[in-house]
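Participant: Heads up: the sequence lines are chains A and B, in that order. Our numbering numbers the first residue of the first sequence as 1 and each following residue consecutively. Our numbering numbers the first residue of the second sequence as 1 and each following residue consecutively. Glycine is no exception: its CB is placed at the ideal position from the N, C-alpha and C atoms.
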Amino acid sequence: MLHLISRHVLRLAVTLLLGGLLAATLIRFAPGFDSDEQQLDSRLSSESIEALRQQRAAQGNVLEFYAGFLGSAVYGDFGQSQTLNRPVRELVAERVPVTLKLMGYGLLVGWSLALLFAATATMARIVAWDLTTTALAGLFLCVPSAVLALGFVFLRAPGFLALGLIVFANVFRYWRNLLDKSYAMPHIVTARAKGLGTMKVLLWHVLPVAAPQLLAVAGVSVSVALGASIPVEALCGIPGIGQLAWQAALGRDLSLLVTITLVVTVITMLSNTFSEVMGHAFRVQRA
Amino acid sequence: MLLVAVAVLSLGASVFAPANYATQFRDDLPNAAPSHQHWLGTDDLGRDRFSRVLYGTRVSLLLAPTAALLSTLLAAFVGALAGYLGGPWEKLAMAGTDLFLSLPWLFLLLMVRAMLPLNISAFASVTVTFLLLGLLGWAASARVVCAGARTIRNSDFVLLARASGVSRARLLMLHVLPNLKPALLAQFWISIPVFILSEANLGVLGLGVTEPLPSWGSLLRELESYANFSNEYWRLVPLILLVITVTSFQLILTRDEAAA
Chain A
1 MLHLISRHVL RLAVTLLLGG LLAATLIRFA PGFDSDEQQL DSRLSSESIE ALRQQRAAQG
61 NVLEFYAGFL GSAVYGDFGQ SQTLNRPVRE LVAERVPVTL KLMGYGLLVG WSLALLFAAT
121 ATMARIVAWD LTTTALAGLF LCVPSAVLAL GFVFLRAPGF LALGLIVFAN VFRYWRNLLD
181 KSYAMPHIVT ARAKGLGTMK VLLWHVLPVA APQLLAVAGV SVSVALGASI PVEALCGIPG
241 IGQLAWQAAL GRDLSLLVTI TLVVTVITML SNTFSEVMGH AFRVQRA
Chain B
1 MLLVAVAVLS LGASVFAPAN YATQFRDDLP NAAPSHQHWL GTDDLGRDRF SRVLYGTRVS
61 LLLAPTAALL STLLAAFVGA LAGYLGGPWE KLAMAGTDLF LSLPWLFLLL MVRAMLPLNI
121 SAFASVTVTF LLLGLLGWAA SARVVCAGAR TIRNSDFVLL ARASGVSRAR LLMLHVLPNL
181 KPALLAQFWI SIPVFILSEA NLGVLGLGVT EPLPSWGSLL RELESYANFS NEYWRLVPLI
241 LLVITVTSFQ LILTRDEAAA
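1) Roughly how many angstroms lie between the CA atoms of Gly-234(B) and Ala-64(B), to the nearest whole one?
2) Give the DSSP-derived three-state secondary structure of Gln-37(B) in the structure shown.
3) Go ahead and label Asp-253(A) buried or exposed: buried means 16 or more other beta carbons lie within 10 angstroms of its beta carbon, across all protein chains shown.
4) Quick check on this structure: which residue in Ser-223(A), Phe-160(A) and Gly-242(A) has the alpha carbon closest to the alpha carbon of Val-109(A)?
5) From the DSSP secondary-structure annotation, give me the bridge partner or partners of Asp-130(A).
6) Measure the beta-carbon distance from Arg-168(B) to Gly-86(B) and round it to whole angstroms, keeping in mind my assumption that it falls under 8 angstroms.
7) Tell me the DSSP bridge mates of Thr-190(A)?
8) Can you give the Cα-Cα distance for Val-8(B) and Leu-18(A), rounded to whole angstroms?
9) Say whether chain A places a C-beta atom closer than 8 angstroms to the C-beta of Ser-10(B).
10) Compare the Cα-Cα distances from Leu-251(B) to each of Thr-134(A), Ala-13(A) and Ala-119(A) and report the closest residue.
11) What does the alpha-carbon distance come out to for the pair Trp-39(B) and Pro-239(A)?
12) If you count every other CB in all the chains shown that lies within 10 Å of the CB of Val-92(A), and 16 or more means buried, which is it?
13) Would you list the one or two residues that DSSP bridges to Arg-47(B)?
14) From Gly-134(B) to Thr-57(B), what distance separates their C-alpha atoms?
15) Quick one: is Ile-238(A) near chain B, going by C-beta distance under 8 angstroms?
16) Closer than 8 angstroms by C-beta to Leu-11(B): which residues in its own chain qualify, once you throw out the five before and the five after it? Chain order, please.
17) From this set, Glu-211(B), Glu-224(B), Leu-207(B) and Leu-219(B), which residue's C-alpha is nearest Val-112(B)'s C-alpha?
18) If you draw a straight line from the alpha carbon of Trp-138(B) to that of Val-144(B), how long is it in whole angstroms?
19) Tell me whether the beta-carbon of Leu-215(A) lies closer than 8 angstroms to the beta-carbon of Met-278(A).
20) Is Pro-208(A) helix, strand or coil when you go by DSSP?
21) Given a cut-off of 8 angstroms on the beta-carbon distance, is the pair Val-167(A) and Val-217(A) in contact?
22) Along the segment 94-109 of chain A, what residues have a CB closer than 9 angstroms to any CB found in chain B?
23) Kindly indicate if chain A contains any beta-carbon less than 8 angstroms away from that of Leu-99(B).
24) Residues in the segment 102-125 of chain B with C-beta within 8 angstroms of chain A's C-beta atoms, listed in sequence order?
25) If the criterion is Cβ atoms closer than 8 angstroms, does the pair Ala-24(A) and Thr-261(A) meet it?
26) Which residue or residues does DSSP assign as beta-bridge partners of Thr-247(B)?
27) Can you tell me whether Gln-285(A) is buried or exposed, with buried defined as 16 or more other CB within 10 angstroms of its CB?
28) Does Thr-210(B) come out as helix, strand or coil in the three-state DSSP assignment?
29) Is the Cβ-Cβ distance between Ala-80(B) and Val-176(B) less than 8 angstroms?
30) What does the alpha-carbon distance come out to for the pair Val-9(A) and Glu-64(A)?
31) Which residue's Cα is closest to the Cα of Val-74(A): Arg-173(A), Ala-162(A) and Ala-13(A)?
32) Using beta carbons (cut-off 8 angstroms, strictly below), is Thr-66(B) in contact with chain A?
33) Sort Phe-16(B), Val-243(B), Leu-171(B) and Asn-20(B) by Cα distance to Ser-155(B) and report the nearest one.
34) Using a Cβ-Cβ cut-off of 8 angstroms, state whether Arg-252(A) counts as contacting chain B.
35) In whole angstroms, what separates the C-alpha of Ser-271(A) from that of Val-78(B)?
36) For Ala-225(A) and Arg-49(B), what's the separation of their Cα atoms in angstroms?
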């Protein structure tokens with residue numbers, strides 16, 4: 001277990017370092033990096049403008065630029081947002097809880113719907129119900145998340161429901177297949193043949209067998225929910241990290257966007273680590 | 001059949017469309033209701049909506065497969081080489097792939113899209129949007145291809161070929177890659193609906209194809225004001241077409257999976 005966690009922590013650290021380098025490189029080579037709006041300020045003296053130019057020129061080397069970026073990031077300084085004119089750290093700290101709350105509700109709705117529909121379709125074996133649940137999940141999978149979010153704005157329904165439906169659509173098919181496979185295992189068939197109740201079969205035999213894979217899919221769905229939070233928050237007017245990313249993209253606020261992407265990467269990797277650790281714990285317990 | 005109908009209509013947009021996508025009918029009111037002249041009415045700028053839907057469908061239906069082809073080729077290159085060479089090369093390639101996969105897709109797209117100027121010409125925006133999709137969407141496919149190449153590398157016929165003195169390059173080109181064709185084809189088909197939906201999401205958020213060129217994403221932007229026009233069901237046509245197309249691709253995939 002400890003080995004698994006340390007491997008994930010190491011992977012997280014390496015990913016962040018490489019992701020940071022990639023981000024710093026992209027910022028450095030983005031069009032317009034060498035120019036600064038302040039250089040157009042007529043109140044500045046020629047010496048000040050020259051100093052600004054030299055400051056930019058000093059950031060010309062990507063590795064030096066990245067070292068500076070990392071050095072500041074260690075102290076929690078991720079720079080200043082150009083569009084919102086506030087420290088990036090403040091903005092991100094304000095918005096992360098909103099997104100986490102939205103995702104929490106959305107994942108709860110999505111996972112509950114997916115588990116309910118997958119379990120009932122597996123246990124009931126009614127063709128019409130099976131087709132209905134599959135078609136429903138398939139339909140939501142074929143609608144862009146932005147349009148789904150617009151639909152919820154139109155219906156004046158809370159945004160987390162849109163996120164829940166997106167998660168449901170992405171998770172349902174995998175969970176349905178996993179439960180199907182578990183349900184067909186010999187010891188479960190025997191339990192059913194001996195007359196064990198449906199709920200007992202599900203809770204005591206099917207779910208524990210499928211738990212590690214179910215958790216792995218749940219871990220991946222966190223990344224899906226994070227991605228979907230951009231259109232949901234942007235269009236439903238929810239002031240979270242997704243809306244901030246969208247505003248940053250429209251304003252080409254690169255320092256803000258890069259920090260958001262790194263934060264999102266951390267959340268994604270932590271959720272994957274958590275789901276894998278939980279899955280491992282289930283496997284160990286069963287062994 | 002529906003997919004073929006949509007494809008034929010969109011590919012022949014210049015024949016079937018009553019007007020160019022950018023032509024403004026200034027005599028008519030903007031947001032006109034459907035009529036004999038304008039089957040789906042006109043948009044805010046008085047342009048024929050039916051023509052724009054046809055041209056927009058063409059843009060999405062032609063460029064999503066092109067982006068899918070690009071990402072599949074990249075995945076084939078990275079995945080096949082990593083899986084075939086194995087050892088540190090495979091570890092390095094898969095670490096890079098993991099890095100790509102740990103960044104949520106839409107965030108990565110937004111980040112890279114924001115690096116590029118927003119005020120570019122319509123044709124440049126189409127190219128940039130679909131090129132980004134193709135260049136950034138290879139990672140998941142590369143993992144699948146790498147796993148396939150690894151299995152082939154360890155198979156008996158490859159061992160026999162190596163023992164017979166077949167060179168590495170020849171082995172890769174003549175034995176490994178042809179055997180990866182089914183996996184590559186599956187990845188290609190999987191990528192198309194993903195890219196169509198991603199372009200639509202970018203378009204609705206205002207980061208996709210720019211005016212006056214239509215695409216499904218830019219056409220769906222109209223739905224932002226749908227609350228004001230909720231009885232005008234013809235505005236939903238692009239969404240219906242998109243859902244039909246993506247569903248058709250999903251059904252093709254499901255059928256292929258079942259056949260396999």
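Facilitator: In short, the structure shows the following:
1) Residue mapping note: residue 234(B) aligns to position 234 of the second sequence, counting from 1. Residue mapping note: residue 64(B) aligns to position 64 of the second sequence, counting from 1. Looking at the sequence itself, residue 234(B) is Trp, so the reference to Gly does not match. The alpha-carbon atoms of Trp-234(B) and Ala-64(B) are separated by roughly 25 angstroms.
2) Position 37 of the second sequence, counted from the first residue, corresponds to residue 37(B). In this structure, Gln-37(B) counts as coil in the three-state DSSP scheme.
3) By one-based count along the first sequence, residue 253(A) stands at place 253. Buried, since its Cβ has 16 or more Cβ neighbours within 10 Å.
4) Taking the first sequence and counting its residues from 1, one reaches residue 109(A) at position 109. Distances from the CA of Val-109(A) to each of Ser-223(A), Phe-160(A) and Gly-242(A) were compared; the closest alpha carbon is that of Phe-160(A).
5) The residue labelled residue 130(A) in the question sits at position 130 within the first sequence. Asp-130(A) pairs with nothing; no bridge assigned.
6) Here the question's residue 168(B) lines up with position 168 in the second sequence. Here the question's residue 86(B) lines up with position 86 in the second sequence. The Cβ separation is near 12 angstroms, so there is no contact.
7) Within the first sequence, residue 190(A) is the residue found at index 190, counting from 1. Answer is none; Thr-190(A) lacks a bridge partner.
8) Counting from 1 along the second sequence, the entry for residue 8(B) is found at position 8. Counting from 1 along the first sequence, the entry for residue 18(A) is found at position 18. Near 45 angstroms, if we compare the C-alpha coordinates of Leu-18(A) and Val-8(B).
9) The count along the second sequence starts at 1 and reaches residue 10(B) at position 10. With 8 angstroms as the cut-off, Ser-10(B) does not count as an interface residue toward chain A.
10) In the second sequence, residue 251(B) corresponds to position 251, counting from 1. Minimum Cα distance to Leu-251(B) is reached at Thr-134(A).
11) Within the second sequence, the letter at position 39 stands for residue 39(B). Within the first sequence, the letter at position 239 stands for residue 239(A). Looking at the two C-alpha atoms, the distance is approximately 40 angstroms.
12) As a working mapping, residue 92(A) is identified with position 92 in the first sequence. Val-92(A) comes out buried.
13) Within the second sequence, residue 47(B) is the residue found at index 47, counting from 1. Its beta-bridge partners are Gln-24(B).
14) For the purposes of this step, residue 134(B) is identified with residue 134 of the second sequence, where counting begins at 1. For the purposes of this step, residue 57(B) is identified with residue 57 of the second sequence, where counting begins at 1. Each residue's Cα considered, the two are about 18 angstroms apart.
15) Counted from its first residue, the first sequence places residue 238(A) at position 238. No, its Cβ sits nowhere closer than 8 angstroms to a Cβ of chain B.
16) As a working mapping, residue 11(B) is identified with position 11 in the second sequence. Excluding sequence neighbours, Leu-11(B) sits near Arg-58, Leu-61 and Leu-62.
17) On the second sequence, residue 112(B) is found 112 positions in, with the first residue counted as 1. When only C-alpha atoms are compared, the closest one is Leu-207(B).
18) Residue numbering aside, residue 138(B) sits at position 138 when the second sequence is read from its first letter. Residue numbering aside, residue 144(B) sits at position 144 when the second sequence is read from its first letter. Their backbone Cα atoms lie some 10 angstroms apart in a straight line.
19) Residue 215(A) sits at position 215 when you count from the first residue of the first sequence. Residue 278(A) sits at position 278 when you count from the first residue of the first sequence. Their beta carbons are under 8 angstroms apart, which means Leu-215(A) touches Met-278(A) by this criterion.
20) For the purposes of this step, residue 208(A) is taken as residue 208 along the first sequence, with counting starting at 1. Correct three-state label for Pro-208(A): helix.
21) Residue numbering aside, residue 167(A) sits at position 167 when the first sequence is read from its first letter. Residue numbering aside, residue 217(A) sits at position 217 when the first sequence is read from its first letter. No.
22) none
23) Along the second sequence, read from residue 1 onward, the residue named residue 99(B) stands at position 99. Chain A contact via Cβ: present.
24) Among the residues of the segment 102-125 of chain B, those with a Cβ less than 8 angstroms away from any Cβ of chain A are Ser-102, Leu-103, Pro-104, Trp-105, Leu-106, Phe-107, Leu-108, Leu-110, Met-111, Val-112, Arg-113, Ala-114, Met-115, Leu-116, Pro-117 and Leu-118, in the order of the chain.
25) Position 24 of the first sequence holds residue 24(A). Position 261 of the first sequence holds residue 261(A). Cβ atoms of Ala-24(A) and Thr-261(A): not closer than 8 angstroms.
26) Walking along the second sequence from the start, residue 247(B) turns up at place 247. Partner(s): none; Thr-247(B) has no beta bridge.
27) Translated into positions along the first sequence, residue 285(A) becomes position 285. By the 10 Å Cβ count, Gln-285(A) comes out exposed.
28) Residue mapping note: residue 210(B) aligns to position 210 of the second sequence, counting from 1. Three-state DSSP puts Thr-210(B) in coil, outside helix and strand.
29) Residue mapping note: residue 80(B) aligns to position 80 of the second sequence, counting from 1. Residue mapping note: residue 176(B) aligns to position 176 of the second sequence, counting from 1. Their beta carbons are under 8 angstroms apart, which means Ala-80(B) touches Val-176(B) by this criterion.
30) Taking the first residue of the first sequence as position 1, residue 9(A) is located at position 9. Taking the first residue of the first sequence as position 1, residue 64(A) is located at position 64. Near 26 angstroms, if we compare the C-alpha coordinates of Glu-64(A) and Val-9(A).
31) Along the first sequence, read from residue 1 onward, the residue named residue 74(A) stands at position 74. Cα-wise, what sits closest to Val-74(A) is Ala-13(A).
32) Taking the first residue of the second sequence as position 1, residue 66(B) is located at position 66. Not closer than 8 angstroms to any Cβ of chain A, the Cβ of Thr-66(B) fails to qualify, so no.
33) Locating residue 155(B) in the second sequence gives position 155, counting from the first residue. For the residues Phe-16(B), Val-243(B), Leu-171(B) and Asn-20(B), the minimum Cα distance to Ser-155(B) belongs to Leu-171(B).
34) The residue given as residue 252(A) occupies position 252 in the first sequence. Chain B, which has a Cβ nearer than 8 angstroms to the Cβ of Arg-252(A), makes this yes.
35) Against the first sequence, residue 271(A) aligns to sequence position 271. Against the second sequence, residue 78(B) aligns to sequence position 78. Each residue's Cα considered, the two are about 27 angstroms apart.
36) The count along the first sequence starts at 1 and reaches residue 225(A) at position 225. The count along the second sequence starts at 1 and reaches residue 49(B) at position 49. Using only the alpha carbons, I get a separation of about 33 angstroms.
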